[in-house]
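Everything on this sheet refers to the single structure shown next.
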Amino acid sequence: MTNDDPPRPDTVRRSAEVPRVWLLTDDRPGHRTQVVGLARGLGWPWDEKRLAFNWLNRLPNQILGASRISLDPASTPCAQPWPDLVIGMGRRVVPVARWIKCQSGGRTRIVLLGRKAANDPRGIDLTVACAHFQLLPHPALVELVVPPTQVEEAALAAARSTHPGLLDDLPHPRVLLLVGGPTAQHQLDEAFGGRMAGEVAAAARALGGGLAIVTSRRTPDAAIAAMRVAAPNAHFHVWARDRRENPYLAYLASADLIVVTGESESMLAEAAATRRPMTIYPLEPKAPGLKQRLATALRRRAGATGPWGTIARHILSRGWVTAPRDLALMHRRMVADGRAALFGSGLATTPPATTDDGAEVAHRIAALLARTSEAGE
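In terms of the working numbering, the sequence shown is numbered consecutively and its last residue is 399.
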């Protein structure tokens with residue numbers, strides 16, 4: 023969520039040891055956050071290709087194949103010299119990534135993140151997805167507990183200095199509640215918002231601390247109003263579309279303890295990256311719709327033997343249906359790893375275990391590029 027990107031590649035002197043890296047980003051901030059977060063972990067300069075799409079992007083990738091026909095002219099041009107490595111996220115970037123690889127004569131290596139991009143590995147060198155996506159295993163898949171993020175200690179320190187004294191009006195421990203909102207699988211209404219804010223405020227008071235509540239673009243107005251009533255002494259920062267400055271990182275940096283609603287992978291990952299004690303407050307699930315029930319049934323069937331298992335695996339591996347996310351599984355993995363606790367009557371106060379999800383990904387990417395270099399010698 024930060025914008026302190028590294029120097030552009032054309033200002034950096036390249037050597038044989040420094041690969042040319044392109045990031046394919048779209049209009050979804052969460053996608054860009056993860057792509058840039060992964061790239062930062064690799065430590066190489068990159069060139070960002072911001073992609074815009076026309077109506078053809080609605081066609082299945084099985085039809086689009088390796089092409090750029092779904093791109094809008096407003097996209098950043100993609101032209102030679104072709105990169106050594108392409109990193110992208112989301113279903114829409116897949117045809118473009120495959121097209122770039124074709125243009126390079128197969129030399130470009132493709133790394134894709136996310137549930138839908140990683141679902142179909144054909145023509146992709148490495149796919150990175152969270153374990154709770156429940157994708158079918160394949161040799162190119164690396165599974166993580168939490169997705170990559172741009173949150174790191176340097177970014178937190180910079181944000182803290184930009185917004186000094188942000189929570190000075192609160193006693194320690196300063197508890198930060200990050201609130202998301204309804205999704206296709208979760209709901210957050212007025213009653214839930216009030217109950218959650220009241221319970222977290224009480225838990226903060228029990229520790230002698232104060233509460234700050236930060237909302238997101240998905241947080242309903244009615245829920246915000248109920249939270250204000252339930253936690254009248256809390257420090258509030260309400261998301262607004264016309265707000266020019268976003269102190270989100272500064273709030274993360276200023277908190278002693280963090281509570282996160284459980285429906286947002288990005289917020290969970292960003293909170294975990296701060297290395298502060300974290301508590302997950304799950305939202306209430308919605309009744310699954312027909313599409314989700316079908317995907318769940320197919321994923322269960324994919325583990326079976328016989329013709330029906332083969333058919334289910336084919337449908338899932340070709341991307342015609344995507345396995346459902348199970349965020350409760352993500353929560354359980356984070357608790358088991360010592361990264362977070364589930365909200366009960368109190369808050370987590372113990373610093374999380376040190377983990378590095380990106381190490382395996384970086385190792386696999388380096389191995390990919392090494393094999394490419396050896397093949398070209």
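Each residue gets a CB set at the ideal place from its N, CA and C atoms; glycine is no exception.
Practice item. Check each candidate in Ala388, Ala384 and Leu391 and name the one with the smallest Cα separation from Leu60. Key: Ala384
- Identity of the residue in Pro373, Thr237, Gly231 and Pro254 nearest Arg298 by Cα: Pro373
Between which two residues does the beta strand (DSSP E) carrying Lys71 extend? Asp69 to Arg72
Segment limits, beta strand (DSSP E) that includes Trp44: Val43 to Thr47
Exercise for the section: Taking only runs that begin and end inside the stretch 198–244, name each unbroken beta strand (DSSP E) of 3 or more residues, in chain order. Expected result: 232–236
Report task. Identify, in the order they occur along the chain, each residue of the same chain with its Cβ nearer than 8 Å to the Cβ of Leu178, setting aside the five sequence neighbours on each side. Result -> Leu271, Leu274, Ala275 and Thr296
Practice problem: Indicate whether Leu199 and Leu233 have their beta-carbon atoms separated by less than 8 Å. | Solution: yes
- request: Check whether the stretch 87–103 touches the stretch 116–135, counting contact only when three or more Cβ pairs, one atom from each stretch, lie closer than 8 Å.
  value: yes
query = Which of the three DSSP states, helix, strand or coil, is assigned to Glu306?
reply = strand
Assess contact between the stretch 100–111 and the stretch 204–216, defined as three or more Cβ pairs (one per stretch) separated by less than 8 Å. Is contact present?
no
Arg182 in three-state terms, based on DSSP: helix
Margin query: Within 10 Å of its beta-carbon, does Glu285 have 16 or more other beta-carbons around it, so buried, or fewer, so exposed?
Written below: buried
Contact under 8 Å by Cβ, Leu73 with Leu45:
no
Terminal residues of the beta strand (DSSP E) in which Val173 lies
Looking at the DSSP string, Val173 is not in any beta strand (DSSP E), and its letter there is neither H nor E.
Can you check which of these residues, Val57, Leu158 and Arg114, is closest to Ala76 by C-alpha distance?
Inspection of the sequence shows that residue 76 is occupied by Asn rather than by Ala. It is Arg114.
Measure the alpha-carbon distance for Leu189 versus Pro195 and round it to whole angstroms.
11 Å
(Q) Could you tell me the alpha carbon to alpha carbon distance between Asn83 and His185, rounded to whole angstroms? (A) 44 Å
Using a Cβ-Cβ cut-off of 8 Å (strictly less than) and excluding sequence neighbours within five positions of Arg315, which residues of its own chain qualify?
-> none
Status (buried if at least 16 other CB within 10 Å, exposed otherwise) for Ala324:
buried
(request) Compute the beta-carbon to beta-carbon distance between Arg355 and Ala153, rounded to the nearest angstrom, for a pair I have assumed lies under 8 Å. (result) 6 Å
_Delimiting residues of the alpha helix (DSSP H) encompassing Ala275_ = Tyr270 to Ser276
Query raised in the report: Excluding five sequence neighbours on each side, which residues of the same chain lie with their C-beta closer than 8 Å to the C-beta of Leu134?
Result: Ile109, Gly110, Met111, Val115, Val116, Ala119, Ala140, Ile146, Leu148, Thr149 and Val150
Who are the Cβ neighbours of Glu399 in its own chain at under 6 Å, not counting the five residues just before and after it? Only weak support is given to the placement of Glu399: the predicted model assigns it a pLDDT of 48, under 50, and the question is left unresolved by the model.
Practice prompt. For Leu78, collect the residues of the same chain with a Cβ closer than 8 Å to its Cβ; drop the 5 residues on either side in sequence, then sort them by chain order.
Written response: Leu86, Ile91 and Ser92
- Message: Rounded to the nearest angstrom, what separates Ala357 and Thr344 at their Cα positions?
- Response: As written in the sequence, residue 357 is Val, which differs from the Ala given in the question. Those two C-alpha atoms are separated by around 26 Å.
Could you pull the DSSP bridge partners for Ile132 from this structure? Val108
Per DSSP, Cys152 is paired with what? Leu166
By Cβ distance below 6 Å, which residues in the same chain neighbour Thr301 in space, the five residues on each side in sequence not counted? Val281, Ala363, Phe365, Leu369 and Ala370
inquiry  = For Thr156 and His336, I'd like the C-alpha separation in whole angstroms.
reply    = At residue 156 the sequence reads Gln, which differs from the Thr that was named. Between Gln156 and His336, the C-alpha separation is close to 15 Å.
*Look at the alpha carbon of Leu351 and the alpha carbon of Pro304, and state the distance between them as a whole number of angstroms.*
12 Å
Q: State the CB to CB distance for the pair Thr237 and Val222, rounded to an integer number of angstroms; the pair is presumed to be in contact (CB under 8 Å).
A: With a Cβ gap of about 13 Å, Thr237 and Val222 do not count as contacting.
Starting from Thr283, follow the beta strand (DSSP E) in both directions and report where the run begins and ends.
Leu279 to Thr283
### Task
For my contact list, Leu64 and Ile387 are in at a C-beta cut-off of 8 Å; report their separation, rounded to the angstrom.
6 Å
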